[in-house]
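Enquirer: So the sequence shown is numbered by this note's numbering: it starts at 1 and just counts up by one.
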Amino acid sequence: MACPYASNDDGSIFSGNFTDEIQDGLNNLAITEGINYHQYLQLSKVLSAQKPLSKVEEGKGSVHDEHLFIVTHQAYELWFKQILYEVDSIRDILNNNIVDERMMLMIVTQLNRVNMIMKLLCDQFCILETMTPLDFLRFRSFLGSSSGFQSLQFRILENTLGLKDKHRVKYNQQYYKDVFNDEESIKLLDESARKPSLLELVESWLERTPGLSLNDFNFWNKYQAAVKQWLHDEFKAPAEKETNPNLKELKMAEYNKIQNAYTETLNEDNYRRATERGERRISHSAFQGAIMINLYRDEPRFHQPFQILTMLQDLDSHFTKWRYAHVMLVQRMIGSKLGTGGSSGYHYLRSTVSDRYKIFLDLFNVSTYMIPRPYIPQLTVSMKRTLSVMLNGQTPATPNTEDELEKQAISSAV
């Protein structure tokens, strides 16, 4: 049966001779003889870079799944390059004594982009999992001593984000750079380790959080008083009023436990010792800034800084998920066999899925020190203005009257 809509005698829509004048255009490439899609993307190089090494039988080509293995890992490396490009841009913005706050949206945008890429990279493991262990074994021997551990870009990315050598798990009891034996790779690794990492730049940025200065809002002293009051009202007072001796003991123990947890952070000397033990990544003043931004996130000037801190945690989460997905893929494909690069394979990779590999671990721990909204110290009038107004990327001097504030805004607009 013919389709009733394919052709009509009256020439209506769907007829065979139907034309849409709106679609008329020009072949600019033919007219200008400019660069085309294939040339712009250099597809001749990209699409000819997949060179399987395996052989099935004479004249029958390579093992089918090796092509998938190569394409997937090349895609990883291209995305690593883009992530480095975005992170370097963020570092350039933050690497200033005074960060132009008009650039905060750019940082938010680029961090969000990096997180979207990392989500994609986690999903790519699902594609590799369509390959069975038996299929992988057909070409695994052709990989020789090549290993994902030798990914130069990934090691540079770890350094650029802020992973310290002391937090790395040794690879075959060796320093991670030992697998790179060419001068250019070692030079790039050393440069990435010397430059200020994203963690260090975020730390410096947090240390300059408005309101931390003793001559300013003096947030930390007010926060300590608020914590003390909350602990008393929420835990100590109910424990002291308890008449049941057993319950009283339990409640006092809970109060002391929570108080000790806060004391470690409230006291700068205790915090310093925790840093020396490797339990903290950023300075005490930077941690204060992170707490303040989280508590006063509703203030206009802290909207985007709060988003940035949240996205940095997202970034760490995505990297942890990526490492875990990699571990599960390796266990699925080779079990407990040694890795092609000589590592313990699954067992080595499993050891990297831990807090020691989290760059922004302290930002996760901020939630431990949140207090209920009724106890958050009230902002002074001047601090409220500071967190509400920003002119030309800088915080204006606090005016004495509302009229002066209005004049300052009008003057800036002119």
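C-beta: ideal position from N, C-alpha, C; glycine also. As the structure is a prediction and not an experimental result, all values here were calculated from the model.
Where does residue 373 sit, in a helix, a strand or coil, going by DSSP?
Expert: In the sequence shown, the residue the question calls residue 373 occupies position 373. It is helical.
Enquirer: Can you say whether residue 110 is buried or exposed, counting buried as having 16 or more other CB atoms within 10 angstroms of its CB?
Expert: On the sequence shown, residue 110 is found 110 positions in, with the first residue counted as 1. Residue 110 should be labelled buried.
Enquirer: At which residues does the alpha helix (DSSP H) containing residue 167 begin and terminate?
Expert: As a position in the sequence shown, residue 167 is number 167, starting the count at 1. Taken as a continuous stretch (DSSP letters only), residue 167 belongs to no alpha helix (DSSP H), as it is neither H nor E.
Enquirer: Compare the Cα-Cα distances from residue 346 to each of 386, 148, 303 and report the closest residue.
Expert: For the purposes of this step, residue 346 is taken as residue 346 along the sequence shown, with counting starting at 1. The candidate whose alpha carbon is nearest that of residue 346 is 148.
Enquirer: Which value, in whole angstroms, describes the spacing of the CA atoms of residue 35 and residue 41?
Expert: By one-based count along the sequence shown, residue 35 stands at place 35. By one-based count along the sequence shown, residue 41 stands at place 41. Distance between the alpha carbons of residue 35 and residue 41 is about 10 Å.
Enquirer: Taking only the alpha-carbon atoms, compute the straight-line gap between residue 118 and residue 318 and give it to the nearest angstrom.
Expert: The sequence position of residue 118 within the sequence shown is 118, counting from 1. The sequence position of residue 318 within the sequence shown is 318, counting from 1. Straight-line Cα distance between these residues: approximately 6 Å.
Enquirer: Taking the alpha carbon of residue 375 as the reference point, which residue from 258, 226, 323 has its own alpha carbon closest?
Expert: As a first step, residue 375 is located in the sequence shown; it is residue number 375 there, counting from the start. The candidate whose alpha carbon is nearest that of residue 375 is 226.
Enquirer: Reducing DSSP to helix, strand and coil, say where residue 183 ends up.
Expert: What you label residue 183 is simply residue 183 of the sequence shown in a count that begins at 1. Helix at residue 183.
Enquirer: Please report the straight-line C-alpha distance between residue 158 and residue 164, rounded to a whole angstrom.
Expert: Taking the sequence shown and counting its residues from 1, one reaches residue 158 at position 158. Taking the sequence shown and counting its residues from 1, one reaches residue 164 at position 164. For residue 158 and residue 164, the distance between alpha carbons rounds to 8 Å.
Enquirer: Kindly indicate which three-state DSSP category residue 44 falls into: helix, strand or coil?
Expert: For the purposes of this step, residue 44 is taken as residue 44 along the sequence shown, with counting starting at 1. Residue 44: helix per DSSP, three-state reduction.
Enquirer: Go ahead and pull the three-state DSSP assignment for residue 32.
Expert: Locating residue 32 in the sequence shown gives position 32, counting from the first residue. In this structure, residue 32 counts as helix in the three-state DSSP scheme.
Enquirer: Near residue 198, which residues of its chain fall below 7 Å by C-beta distance, leaving aside the five closest residues on each side in sequence?
Expert: Residue 198 sits at position 198 when you count from the first residue of the sequence shown. Within the same chain, residue 198 has close Cβ partners 87, 90, 91, 160, 161, 162.
Enquirer: Entirely within the segment 219-252 and at least 4 residues each: give me those alpha helix (DSSP H) ranges in chain order.
Expert: Segments of the alpha helix (DSSP H) lying fully in the segment 219-252: 219-231, 237-241.
Enquirer: Should residue 286 go down as buried or exposed, given a rule of 16 or more other Cβ atoms within 10 Å for buried?
Expert: One-based indexing of the sequence shown puts residue 286 at position 286. Buried is the call here.
Enquirer: Give the DSSP-derived three-state secondary structure of residue 92 in the structure shown.
Expert: The residue labelled residue 92 in the question sits at position 92 within the sequence shown. Helix, per DSSP.
Enquirer: Out of curiosity, what's the CA-to-CA distance linking residue 142 and residue 53?
Expert: Taking the sequence shown and counting its residues from 1, the one referred to as residue 142 is at position 142. Taking the sequence shown and counting its residues from 1, the one referred to as residue 53 is at position 53. Cα-Cα distance, rounded: 6 Å.
Enquirer: Whole angstroms is fine: what's the gap from residue 107's alpha carbon to residue 94's?
Expert: Here the question's residue 107 lines up with position 107 in the sequence shown. Here the question's residue 94 lines up with position 94 in the sequence shown. If you take the alpha carbons of residue 107 and residue 94, they lie about 9 Å apart.
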